[in-house]
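Residue numbers (the working numbering): 1 to 309.
Glycine included, C-beta positions come from ideal geometry on N, C-alpha and C.
This one's a predicted model, so the numbers in the text were calculated from it and none came from an experiment.
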Amino acid sequence: MIDDLNAKKLGLGLGLRNQHFNYILENNPKVDWFEIISENFMDSYGRPRHILHQIAEKYPVVMHGVSMSIGSIDPLDFSYLKRLKTLSKEINPVWISDHLCWTGVLTINSHDLLPIPLNEETLKHVCERIRIVQDYLERPLILENPSTYLSFEQSTLKEWEFLSHMAQETNCGLLLDVNNVYVSGFNNDFDPITYIENLPHDRIVQMHLAGHQHCGDYIIDTHDREVTNHVWELFRIAWQKTGGVATLLEWDGNIPEFDVYYAELQKAKDFMSGEVITSLDEESIITKEEAISNPINFMVPNVLSDVTK
Ligand SMILES: [Fe+2]
């Protein structure tokens, strides 16, 4: 079934955000598809869900979640999965995705996408939970590589190795967030091109693009600005490797007018030809004090480094 999804090359999509509801309904912009944050719609039967129904009648829609916590040791939350499935029955998304991460434990939700140690033990744990979720949802699950700010001494597998085994053993699909590869690569000192080249490209059904904040010693995955040239260059490589899978631009902070968001997405077309057209200039860097004072920079690595290695 992943082959079927992989073949659904949806084109270039945007995240559906409340600020753009009216514009989309009134102007029917030429966007190939929309991605929703599942949690923004699954617990409400009000105006957002009503509008989502209207948009789903006009555009392909993909459901993207942030709360499945597939890597947690808490039991799977079947109340959550039931609401997720109910919404999927209503709007018939092309696929449902979430992240390779955990979001909490002992029922406490951190509202962050936290990394897991990458080894045989966690691989077995995650694969068992993916199989249960897929059986329950009656469809493949698509999982995204997270942006990370630390690595674990207990990790024995590279992240791309973990994702490859995970996809192989469960038949799940992969959502390759190209910006996350760049951010994690910088923060954890691995080569993002090696990462992308070694993924199983036939398992990748979607890509994400986004902007980030470079803070000098580390990069924060802020989703609040334009995509950097380094990430566009990785996208060029990933587009060629995957044969051009569905690609979505995320923008979640300082969300601009729809036409600005749309224009940033259209830049992707410049990189889909395979020609190298970027000059990899130095990124603008802010100080740690500026990063901490900016409320969007919610996950400062120094805070987490005290918790775990
Ligand atoms: Fe993403």
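Hey, how far is the Cα of G71 from the Cα of I116? 7 Å
Practice item. Look at the alpha carbon of L76 and the alpha carbon of V133, and state the distance between them as a whole number of angstroms. Key: 8 Å
What residue range is occupied by the uninterrupted alpha helix (DSSP H) comprising H64?
Segment 61-64 is the beta strand (DSSP E) holding H64; no alpha helix (DSSP H) there.
Exercise. Can you list, in chain order, the residues of its chain whose CB lies under 8 Å from that of M42, leaving out five sequence neighbours each side?
Worked result: R83, L84, T86, L87
**OP:** Would you mind reading off the limits of the alpha helix (DSSP H) that contains D259?
**Re:** 258-266
Beta-carbon contacts of D74 that lie in its chain and below 6 Å, excluding the five residues immediately before and after: V105
- prompt: For the candidate residues E153, L10, Q19, K8, whose alpha-carbon lies nearest to that of D317?
  reply: Outside the displayed range of the chain (1 to 309) lies residue 317, so it cannot be described from this structure.
Mind checking whether V62 and P29 have CB atoms under 8 Å apart?
no
- Message: Which same chain residues end up closer than 6 Å to H165 when comparing Cβ atoms and leaving out the 5 residues on each side of it in sequence?
- Response: L123
Checklist entry - Are the CB atoms of L14 and L175 nearer to each other than 8 Å? => result no
### Member of T242, Y262, R225, D177 whose CA lies at the smallest distance from the CA of G253
R225
- request: Spell out the partners DSSP gives W33 in its beta bridges.
  value: G13
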